[in-house]
Amino acid sequence: MRLLANLTLQKRISLLVLISLMLGLGLFSWLGVQSLNESTQRTLDERLTVSRIVASHLDETLNHVLLRVQEAASFQGELPQEEQFRLRARALGIMLDKAAIVTESVFLLGGDGRILQAEPPRPGAIGTMLPGYADVESRLSSGLPTISSLTYAPLTAAPVVFAIAPIMDAAGSKNIGALSVAIDVNESSISGFIKPITLGSTGYTEIVDKNGVVLARTEPGRPPVAFERSDHPGRFAQLMVEGKATVRTCHRCHGPESQPQRRRDVLAFAPLSAAPWGVAVRQAEEEAFDITEGLKRRLMIFGGIVILGVFLLVWLVMQGVVRPIRMLTLASARVAAGDFKAVVPISRRDEIGRLSTAFSVMTRELAKAQNEIVSRNQELLALNSIAATVGQSLELEDVLGKAMRQVLEVTRTEAGSMFLVDIASKGLKLVSYIGHSRLFYCPQSISAAADCACHRVLRLGHSLMVNDVSQCPALTEEMTSGTHITCFVSVPLKSKDKVLGVMNVACPSERCFTEDDFRLLDSIGYHIGLAIENSTLYKETRQEKELRGQLLNAIITAQEEERERISRDLHDGCGQTLTGLIMSIESAESIASSASLPLREKLVNTRLIALHVLQDMRKLMRGLRSSVLGDLGLAAAVRSYAETTLETAGVRLDFDAEGLNQRLATSVEIALFRIVQEALHNVVKHAQARTAKIRLRQVDSRIMVAVEDDGLGFDVAAFFSAGTVVQSLGLLGMRERATLLGGTFSVTSAPGKGTRVAVEVPLDISPDSKETPDERQDASADSR
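If you count by this note's numbering, then the sequence shown holds residues 1083 to 1866, one letter each, in order.
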């Protein structure tokens, strides 16, 4: 520190700037490297997540297939006859077709893997060994269904995979045969569901079996040829055995074999649990890390520019700062010695130029400071006395009377008055005066034609000096006779830029008002205006109305939070319990023997009851909180709820939404959804309608919602005038929700002519409307 103190200003600034630059660039570089590493890892994690999601979805599809095949293979301990097999095979094909699984053939196998029957019939395949049977024989011997790798279909030689379920003997200990379904991978949802997944212009997804054969591949990857092998079959097979998901970068040759193009890829792989398959997600490393590399280049360019700019700035500062500061230092010493005429000849528009100008102004103003300090102290004392006077009471007449006396005492005058705007009489009402009352009587009304001093002050909003009382047309010679007042000042009584009245103060006999007096009177008028405003607010019910609105808003918010909590508790508690109960019943059904038919029937009935309870609970959850509202927005939520509610009641829905291209604020969406929900409840409960129309419109900056039915209708005026508060709570609640949004609510109805409920509210766009649907769905799922 002693070394810095001995350095000149130029050297000190240069050293400090250099040290700060080094520290800043070092920290900036470290943060940049950390950000780049985090960005790279985030990219790899995203690709691994995509592969796991695809693998999970594919596992669900394959497990569904295996379950159906296993159910079809339950032949009660013996191989089926031809007719029984064909019926079972056709039923299985129909069930899988509903799940978008295209079956090429269904085969009945013997214990040695030879084909005994086929559906549709394939005589040439009878007695032949099922392709790939040896690979799954060990798993079938344990009584578990399985799915093979890609192989050929008998006779047709089409590329298929086999879903095989064993047929066990009556004791369940020996495999006496198997039921095999040949699935066309290219035509089934096993490959079709990954087609919408895209990762830029080079990313694509592959499904491979344990032999490394590509079962399916999305664009822009090349369509796989029959039995095409992946470029990492050994590594994929090892990961399938270990059941590990991984992500890394690797080299890959792309394009036809005649013209291979070698590049580095980001490869994410996730194995399946339902089959010896895996999902590989690939993307060119250059594209995957494009943002990271671009950021790295920009950081290097920016760092170089910053270094050069800082050095140039230091040099310029040294040239333009040190010399003027020395001149200002000398001038300050002269001012400290009492020479207020010291001038610094610096003509610049930067901070130093402003400092020089300020220094010159300071030297001129210092001479006036002492007198002004005394004057300001007197003004502050006067304002404090006025503020203390008007703050003693909230009664308007008492406040104004005391304030008038205090004003005359401060200004040392003998006459004054106060007028307030009287809206009822459209004139100025004299509320307080001291001195000659006739002098301050104003007969003119508030109008554009009013030309007296008081009305000019009302219109202009600032003080006005009347140097000759004869200049004011409202003051006649008769009014001013017998007084010694020749001039007066008219001051507005303002509160928040609103003129509430006028205060007239006569000039002192020995002098006229100065500019400082005007400033003091303006401040006094502002304080009195605030006192008038406070007194007026004291008598009004504005605060009570605002409090009622806040309480209502809080109640609605608490209600929505409680709905969400109850819905979440039902989903996480009862919903999970019922789902576990249904799965347990299904498991008990599958293990119940054929001899226990009564037991199985009771289990089936029990499961149906549990499913019905689960469906009712989900309906209740949708009524409490619509997950569609959080995921897809107002239009989708209203349509979903209306379809569910009206379909149950046998009411036809006519729905139309137009212009809702952006997400609204959450509070607006919830309020509008509850209004529509209550309106539809009234349609179902009271209207006895055949058709209900719902219209959602965005016009300019407003949202319009209308619910209309062709039901019984009612007399709106009679309904609300009857005083049946309990019966009208629904409509009142809708109106309050619309009012809280700053909108309007209307009900149009007549007996026998249906009912129309219309709401119009200002447009309020959500700040997270730019989120992608996936991000919004993830956020909604987290909240659930």
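All C-beta atoms in this analysis are idealised placements derived from N, C-alpha and C, irrespective of residue type, glycine included.
Rounded straight-line distance, which links the Cα of Glu1288 to that of Lys1326: Within the sequence shown, residue 1326 is the residue found at index 244, counting from 1. Within the sequence shown, residue 1288 is the residue found at index 206, counting from 1. Approximately 17 Å between the Cα atoms of the pair.
Identity of the residue in Val1539, Ile1197, Thr1688, Arg1538 nearest Gly1209 by Cα: Here residue 1209 refers to the residue found at position 127 when the sequence shown is read from its first residue. That would be Ile1197, whose Cα lies nearest to the Cα of Gly1209.
Three-pair Cβ contact test at 8 Å for the segment 1291-1298 versus the segment 1370-1377: no
Exposed unless 16 or more other CB atoms sit within 10 angstroms - verdict on Leu1191: Your numbering for residue 1191 matches position 109 in the sequence shown. Leu1191 is buried by the Cβ-count criterion.
Arg1094 versus Ile1434 - alpha carbon distance: The count along the sequence shown starts at 1 and reaches residue 1094 at position 12. The count along the sequence shown starts at 1 and reaches residue 1434 at position 352. Going by the C-alpha atoms only, they are around 19 Å apart.
Distance, Met1382 Cα to Leu1398 Cα: In the sequence shown, the residue the question calls residue 1398 occupies position 316. In the sequence shown, the residue the question calls residue 1382 occupies position 300. Approximately 25 Å, taken between the alpha carbons.
Of the residues Phe1737, Thr1445, Phe1351, the one placed nearest Cys1332, counting alpha carbons only: Reading the sequence shown from its first residue, position 250 is the one you call residue 1332. Residue Phe1351 is the option with its Cα nearest to Cys1332.
Close-in-space but distant-in-sequence residues of the same chain around Ala1674 (CB under 7 Å, 5 per side omitted): Numbered from its first residue, the sequence shown carries residue 1674 at position 592. Around Ala1674: Leu1681, Arg1682, Leu1685.
Residues near Leu1100 by beta carbon distance below 6 Å, same chain, minus five either side: As a working mapping, residue 1100 is identified with position 18 in the sequence shown. Excluding sequence neighbours, Leu1100 sits near nothing in its chain.
C-alpha gap between Asp1136 and Val1361, whole angstroms: Counting from 1 along the sequence shown, the entry for residue 1136 is found at position 54. Counting from 1 along the sequence shown, the entry for residue 1361 is found at position 279. The question names Asp, but residue 1136 is Val in the sequence shown. Each residue's Cα considered, the two are about 7 Å apart.
Ala1182, buried or exposed, once every other Cβ within 10 Å from all chains shown has been counted against 16: Working through the sequence shown from its first residue, we reach residue 1182 at position 100. That one is exposed.
DSSP three-state assignment for Ile1208, whether helix, strand or coil: Reading the sequence shown from its first residue, position 126 is the one you call residue 1208. Three-state result, Ile1208: coil.
Enclosing beta strand (DSSP E) for Phe1501 [first to last residue]: For this step, residue 1501 is matched to residue 419 along the sequence shown. Run containing Phe1501: 1498-1504, per the beta strand (DSSP E) assignment.
Terminal residues of the alpha helix (DSSP H) in which Thr1730 lies: Sequence index remark: in the sequence shown, residue 1730 carries index 648 (1-based). Residues 1716-1731.
Cutoff 8 Å: Cys1332 Cβ touching any chain C Cβ: Checking the listed chains, one finds no chain C in this structure; it contains a single protein chain.
Through-space distance from Leu1130 to Leu1097, alpha-carbon basis: As a first step, residue 1097 must be located in the sequence shown, where it is residue number 15. As a first step, residue 1130 must be located in the sequence shown, where it is residue number 48. Taking the straight line from one Cα to the other gives about 50 Å.
N-terminal and C-terminal residue of the alpha helix (DSSP H) that Ala1362 is part of: Counting from one through the sequence shown, the residue named residue 1362 turns up at place 280. That residue, Ala1362, is in no alpha helix (DSSP H); its beta strand (DSSP E) goes 1359-1366.
Selected residue, minimal CA-CA separation from Leu1502, among Lys1484, Arg1487, Leu1540, Thr1495: As a first step, residue 1502 must be located in the sequence shown, where it is residue number 420. Per the Cα distances, Leu1540.
Stretch pair the segment 1149-1158 + the segment 1256-1264: three plus CB contacts closer than 8 Å: yes
Contact belief for Gln1770 with Leu1742 at Cβ below 8 Å, rounded distance in angstroms: If you number the sequence shown from 1, residue 1770 lands on position 688. If you number the sequence shown from 1, residue 1742 lands on position 660. Their Cβ separation, rounded to whole angstroms, is 30 Å, which puts Gln1770 and Leu1742 out of contact at 8 Å.
Thr1493 beta carbon less than 8 Å from that of Asp1599: Counted from its first residue, the sequence shown places residue 1599 at position 517. Counted from its first residue, the sequence shown places residue 1493 at position 411. A contact, by the Cβ cut-off of 8 Å.
Host alpha helix (DSSP H) of Val1758 (start-end): Residue mapping note: residue 1758 aligns to position 676 of the sequence shown, counting from 1. Start and end: 1748-1764.
8 Å Cβ cutoff met for Val1425 and Leu1410: Here residue 1425 corresponds to residue number 343 of the sequence shown, with the count starting at 1. Here residue 1410 corresponds to residue number 328 of the sequence shown, with the count starting at 1. No, Cβ-Cβ distance for Val1425 and Leu1410 is not below 8 Å.
Helix, strand or coil at Arg1546 according to DSSP, with G and I counted as helix: Taking the sequence shown and counting its residues from 1, the one referred to as residue 1546 is at position 464. It is Leu, not Arg, that sits at residue 1546 in the sequence shown. In this structure, Leu1546 counts as strand in the three-state DSSP scheme.
Helix, strand or coil at Gly1483 [DSSP, three-state]: In the sequence shown, counting from the first residue as 1, residue 1483 sits at position 401. It is helical.
Three or more C-beta pairs below 8 Å linking the segment 1387-1398 and the segment 1310-1329: no
Straight-line gap, Gly1206 to Ala1200 (C-alpha atoms, nearest Å): Counting from 1 along the sequence shown, the entry for residue 1206 is found at position 124. Counting from 1 along the sequence shown, the entry for residue 1200 is found at position 118. Gly1206 and Ala1200: Cα-Cα distance of roughly 10 Å.
Distance CB(Leu1222)-CB(Ile1246) smaller than 8 Å: For the purposes of this step, residue 1222 is taken as the residue at position 140 of the sequence shown. For the purposes of this step, residue 1246 is taken as the residue at position 164 of the sequence shown. Yes, the pair counts as a contact, with Cβ atoms nearer than the cut-off.
Pairwise C-alpha distance: Phe1796 and Thr1837: As a position in the sequence shown, residue 1837 is number 755, starting the count at 1. As a position in the sequence shown, residue 1796 is number 714, starting the count at 1. C-alpha separation (whole angstroms): 8 Å.
Secondary structure of Asp1856, DSSP reduced to three states: Start at 1 with the first residue of the sequence shown, and residue 1856 comes out as number 774. Low confidence applies here, because Asp1856 scores a pLDDT of 44, under 50, leaving its location unreliable and the question unanswered by this model.
Cβ-Cβ distance between Ile1757 and Ala1820 below 8 Å: Taking the sequence shown and counting its residues from 1, the one referred to as residue 1757 is at position 675. Taking the sequence shown and counting its residues from 1, the one referred to as residue 1820 is at position 738. In contact: Ile1757 and Ala1820 (Cβ atoms closer than 8 Å).
Ordered list of alpha helix (DSSP H) runs contained in the segment 1298-1338, each at least 4 residues: 1315-1324
Ala1761 vs Val1789 beta-carbon contact at 8 Å: Locating residue 1761 in the sequence shown gives position 679, counting from the first residue. Locating residue 1789 in the sequence shown gives position 707, counting from the first residue. Closer than 8 Å, so yes.
Residues near Arg1487 by beta carbon distance below 6 Å, same chain, minus five either side: Counting from one through the sequence shown, the residue named residue 1487 turns up at place 405. So no residue of the chain qualifies.
Gln1780, enclosing beta strand (DSSP E) - first and last residue: As a position in the sequence shown, residue 1780 is number 698, starting the count at 1. Segment 1773-1781, the beta strand (DSSP E) holding Gln1780.
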